[in-house]
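For what it's worth, the numbering used here labels the leading residue of the sequence shown as 19, then goes sequentially.
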Amino acid sequence: MWKFASVLMLVLSTAVGAMAQSGDSDVKAIVGANVVDIDGGEPIRDAVVVIEGDRISAMGPSGSTRVPAGAEVIHADGMWLVPGLMNMHTHLGVIMAAQKAELANEKTTELALRVAANGRDVLLSGVTTIRSPGDKQGAALALKKAIAKGQAAGPRIFSAGEGLPITAGHGSDSGVETYDGPYELIKAVRSRVADGAVWIKIFTSGGISTPGGDISEALMTPEEIEAVIDAAHRFGRKVTAHSGSSKATSLAVDAGIDCIEHGYMVDRETLLKMKANGVWLVPTITVTQPASTPFFEQQGSPPWYMARRETVGKTHWQALRTAIAEGLDIALGTDFLPSEPIDGTTATIREIEYYVAAGMTPTQALRSATIEAAKLLDADKDSGSLEVGKYADILAVPSDPTQDISTLREIQLVMKGGTVYRNDIAGGSRASGR
Ligand SMILES: [Zn+2]
Numbered sequence: 019m020w021k022f023a024s025v026l027m028l029v030l031s032t033a034v035g036a037m038a039q040s041g042d043s044d045v046k047a048i049v050g051a052n053v054v055d056i057d058g059g060e061p062i063r064d065a066v067v068v069i070e071g072d073r074i075s076a077m078g079p080s081g082s083t084r085v086p087a088g089a090e091v092i093h094a095d096g097m098w099l100v101p102g103l104m105n106m107h108t109h110l111g112v113i114m115a116a117q118k119a120e121l122a123n124e125k126t127t128e129l130a131l132r133v134a135a136n137g138r139d140v141l142l143s144g145v146t147t148i149r150s151p152g153d154k155q156g157a158a159l160a161l162k163k164a165i166a167k168g169q170a171a172g173p174r175i176f177s178a179g180e181g182l183p184i185t186a187g188h189g190s191d192s193g194v195e196t197y198d199g200p201y202e203l204i205k206a207v208r209s210r211v212a213d214g215a216v217w218i219k220i221f222t223s224g225g226i227s228t229p230g231g232d233i234s235e236a237l238m239t240p241e242e243i244e245a246v247i248d249a250a251h252r253f254g255r256k257v258t259a260h261s262g263s264s265k266a267t268s269l270a271v272d273a274g275i276d277c278i279e280h281g282y283m284v285d286r287e288t289l290l291k292m293k294a295n296g297v298w299l300v301p302t303i304t305v306t307q308p309a310s311t312p313f314f315e316q317q318g319s320p321p322w323y324m325a326r327r328e329t330v331g332k333t334h335w336q337a338l339r340t341a342i343a344e345g346l347d348i349a350l351g352t353d354f355l356p357s358e359p360i361d362g363t364t365a366t367i368r369e370i371e372y373y374v375a376a377g378m379t380p381t382q383a384l385r386s387a388t389i390e391a392a393k394l395l396d397a398d399k400d401s402g403s404l405e406v407g408k409y410a411d412i413l414a415v416p417s418d419p420t421q422d423i424s425t426l427r428e429i430q431l432v433m434k435g436g437t438v439y440r441n442d443i444a445g446g447s448r449a450s451g452r
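What follows is the structure in structure tokens.
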């Protein structure tokens, strides 16, 4: 699939194998590259980045930072290093319209393998961490376990398990379990926690596409939303809401929600209320913008859907511009598979480009896909920037992304936790000869 097809076999045979072997090349050094400072400072030019195990152990200019004896050297001359990208809204088990017939009777075993393949594509595309606000049959949680055991290659996964749709609401497609009233919802929250979910996902308004209630309405009652949030917070889990409307968003903010997904039609007043309460926004802007129109056409989306998408796209864009101008906390999410080919790149990169077009500086946009996302996940001690002590989740791109964000379209190196999953750098062969 796509341009990674050629490296898939290589990755299957080396990356997963390397994870299982561990030991012989536990120390690596990336040399010759410049390290981007996502805090806006000067880059480290001609840097040495030393990786021991899965973390960065030393980093600095080559003049003062030694490559440890015996280290596996990765040459990245003239490249620019950035943290692995983090996509906060994706569903690895997603079934697109064009796949519906083919996957109508998909077995659980088939789903698991499809999700594993998607996870591998996501990682190879440069996305080293994802949040899954809505699993299919717990498949992302299963993949997370398999990745931890070295049985599969994929990103770090922060999953909400299956979402909690209400009867007749968004996400309540046939065959999906629904939950109504505080007590059913509280029970469901605890069940997700028991499954290993670190987030809880609710649906407070309708969506663009489904018959599940109007996008401009507030479908869950205040007491339902409050019950979910209270039950989740008692277990230290955060709650995020699919929310298109100002009305539903305002209710959720009052109830203590942590994050809002999409915000398709949210007005300025409500965005300011989110900001005042420290509520995050995950925009998924690419879904409603022109760059993904060919994607939906290829999916055979009906004219009424395309028209609705265009209308919502205008308010969605306005909401994003306002959120950026007002300085809301924004973490990148796509709702597409992060590696989905959109407009000549991936959905994740296209989303970053849209943030720049909507008013972010390239550095801010890069932050939304790295350190800001890590903060949303409470994972910023381990991820989100290139610092000594953090995971060695590292990408290399040809030029300085703080000057030209679209250089992210040309990712040349993907490392996660010190393991190289992709290296397209010319002459970037491993010094150790493995
Ligand atoms: Zn979604």
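Ideal Cβ placement from N, Cα and C applies to all residues, glycine included.
Buried or exposed for G41, please, with buried defined as at least 16 other CB atoms from any protein chain shown within 10 angstroms of its CB.
Note that G41 scores a pLDDT of 43, beneath 50, so its modelled location is shaky and nothing firm can be said.
Are there 16 or more other CB atoms within 10 angstroms of the CB of D95, so buried, or fewer, so exposed?
exposed
In the DSSP assignment, find the unbroken alpha helix (DSSP H) run with K332 in it and report its ends.
P321 to A343
So A89 and V54 are in contact, right, with Cβ under 8 Å, and what is the actual spacing, rounded?
So it is not a contact: roughly 22 Å between Cβ atoms.
Buried or exposed (CB count within 10 angstroms, at least 16 for buried), N136
buried
Looking at ligand 1, does it come within less than 7 Å of P523, judged from the CB to the closest heavy atom?
In the structure displayed, the chain extends from 19 to 452; residue 523 sits before or after that span and is not available.
By Cβ distance, which residues of its chain are closer than 8 Å to H188, with the 5 residues on each side in sequence left out?
F221, S223, G224, G225, T228, G230, G231, L237 and H260
Does DSSP classify E70 as helix, strand or coil?
strand
Taking the alpha-carbon of G214 as reference, which of R255, P240 and G71 has the nearest alpha-carbon?
R255
W20 versus P359: straight-line alpha-carbon distance, rounded:
Confidence at W20 is low in this model, with a pLDDT of 41, below 50, so its placement is unreliable and the value that follows should be read with caution. Going by the C-alpha atoms only, they are around 8 Å apart.
Check whether the Cβ atoms of P301 and L355 sit closer than 8 Å, and answer yes or no.
no
Whether E244 touches G199 by CB criterion (8 Å)
no
Pull up the distance between the alpha-carbon of D422 and that of E60, whole angstroms please.
16 Å
Buried/exposed call for Q39, threshold 16 Cβ in 10 Å
Per-residue confidence for Q39 stands at a pLDDT of 40, beneath the threshold of 50, marking its modelled position as unreliable; the derived number appears in the next sentence. Label assigned to Q39: exposed.
In chain order, what residues of the same chain have a beta carbon less than 7 Å from the beta carbon of Y409, not counting five sequence neighbours either side?
D72, R73, D400, S401 and G435
Closer than 7 Å: D400 CB and nearest ligand 1 heavy atom:
no
Just mark K154 as buried or exposed, buried being the case when its beta carbon has 16 or more other beta carbons within 10 Å.
buried
Can you find the residues in the same chain that come closer than 7 Å, C-beta to C-beta, to G331, ignoring five residues on each side of it along the sequence?
T306 and Q307
Considering only heavy atoms of ligand 1, does any lie closer than 7 Å to the CB of G152?
yes
Kindly indicate which three-state DSSP category E241 falls into: helix, strand or coil?
helix
Under 8 Å by Cβ, that's how I've got A178 and G152 pegged, so tell me the actual separation to the nearest angstrom.
6 Å
Verify the contact flag: H334, CB atom, against every heavy atom of ligand 1, threshold strictly below 7 Å.
no
Helix, strand or coil: which one does DSSP assign to N295?
coil
Does ligand 1 have a heavy atom nearer than 7 Å to the CB of H188?
no
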